[in-house]
Amino acid sequence: MNTLSHKIAVAIKQANPEETYSVEIMQYSLGIILNTLVIFIATAVIGLLTGNFAEFMTFLLSCSILRLTSGGFHLKTAKACNIFSVLLCTLVPYIFSFFKMNLTLINMASLFIMLLFSPNPDKNARMPEKIFPFLKLVSVLLVSLNFFIHSSVIGLAFIVQSLTVIPWIRREKP
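Put into structure tokens, the structure is as follows:
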């Protein structure tokens with residue numbers, strides 16, 4: 162993915178050298194877009210092939226939206242992230258029938274984790290700390306919505322995402 166994003170960035174820069182950002186910035190941005198597309202397309206294709214398209218896409222969308230506001234753990238490489246994300250989106254919804262009885266407990270656990278630990282942004286994110294209370298509020302509201310929607314797929318997506326917010330390793334103080 163890195164090679165492809167670099168080639169695209171170089172082509173864009175050559176096509177319009179005056180009005181474009183540096184190759185490095187475009188490569189980074191394109192890498193994010195391409196990796197997101199890989200996850201989306203792979204999840205959609207597997208969903209279509211298995212007859213679980215709606216569940217897989219609901220899981221992916223729910224997890225992604227909550228992740229935008231809550232942050233969470235990042236894997237070391239984009240490839241690992243792609244593989245892990247596709248596996249999560251295509252395997253976890255299969256166990257949703259088992260958790261239907263425990264949905265309220267799952268929602269409560271997600272809510273508790275969000276109240277305690279969100280947001281937990283990536284260390285490279287340049288978000289001002291003054292917006293952290295807003296991000297926490299949005300995260301808590303998103304999880305709370307599932308008490309009314311009562312979707313086991315959304316509940317599982319939220320608990321999986323919530324677990325990535327917990328700082329399992331102690332952070333170094335600046």
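Mapping the sequence shown onto the numbering used here, position 87 (from 1) lands on 248, and the numbers just tick up by one.
For each residue, glycine too, the CB sits at the ideal point set by N, CA and C.
Judged by beta-carbon spacing, residue 299 lies beyond the 7 angstroms limit of residue 319, meaning their Cβ atoms are not closer than that value. Per DSSP, the beta bridge partners of residue 281 are 232. Membership of residue 167 in the alpha helix (DSSP H) is indicated by the continuous run 163-176.
With fewer than 16 other Cβ atoms inside 10 Å of its own Cβ, residue 290 counts as exposed. Just so you know, the alpha carbons of residue 316 and residue 283 end up roughly 23 angstroms apart.
Taken atom to atom, the span from the alpha-carbon of residue 302 to that of residue 185 is near 37 angstroms. Taking each of 294, 309, 251, 183 in turn and checking the Cα distance to residue 265, the smallest one comes out for 309. Scanning 275, 202, 244 for the CA closest to the CA of residue 328 turns up 275. Taking C-beta atoms under 8 angstroms as the contact rule, residue 253 and residue 220 qualify, at a distance of about 6 angstroms.
Assigned with DSSP and collapsed to three states, residue 193 falls in helix. Closest option to residue 248, judged by alpha-carbon separation, among 330, 167, 321, 168: 321. For residue 273, the number of other beta carbons within 10 angstroms of its own is below 16, and it is reported as exposed.
Excluding its 5 nearest sequence neighbours in each direction, residue 288 has C-beta neighbours in its own chain below 7 angstroms: 282, listed in chain order. Counting the other CB atoms within 10 Å of its CB gives residue 314 a total of 16 or more, which places it among the buried residues.
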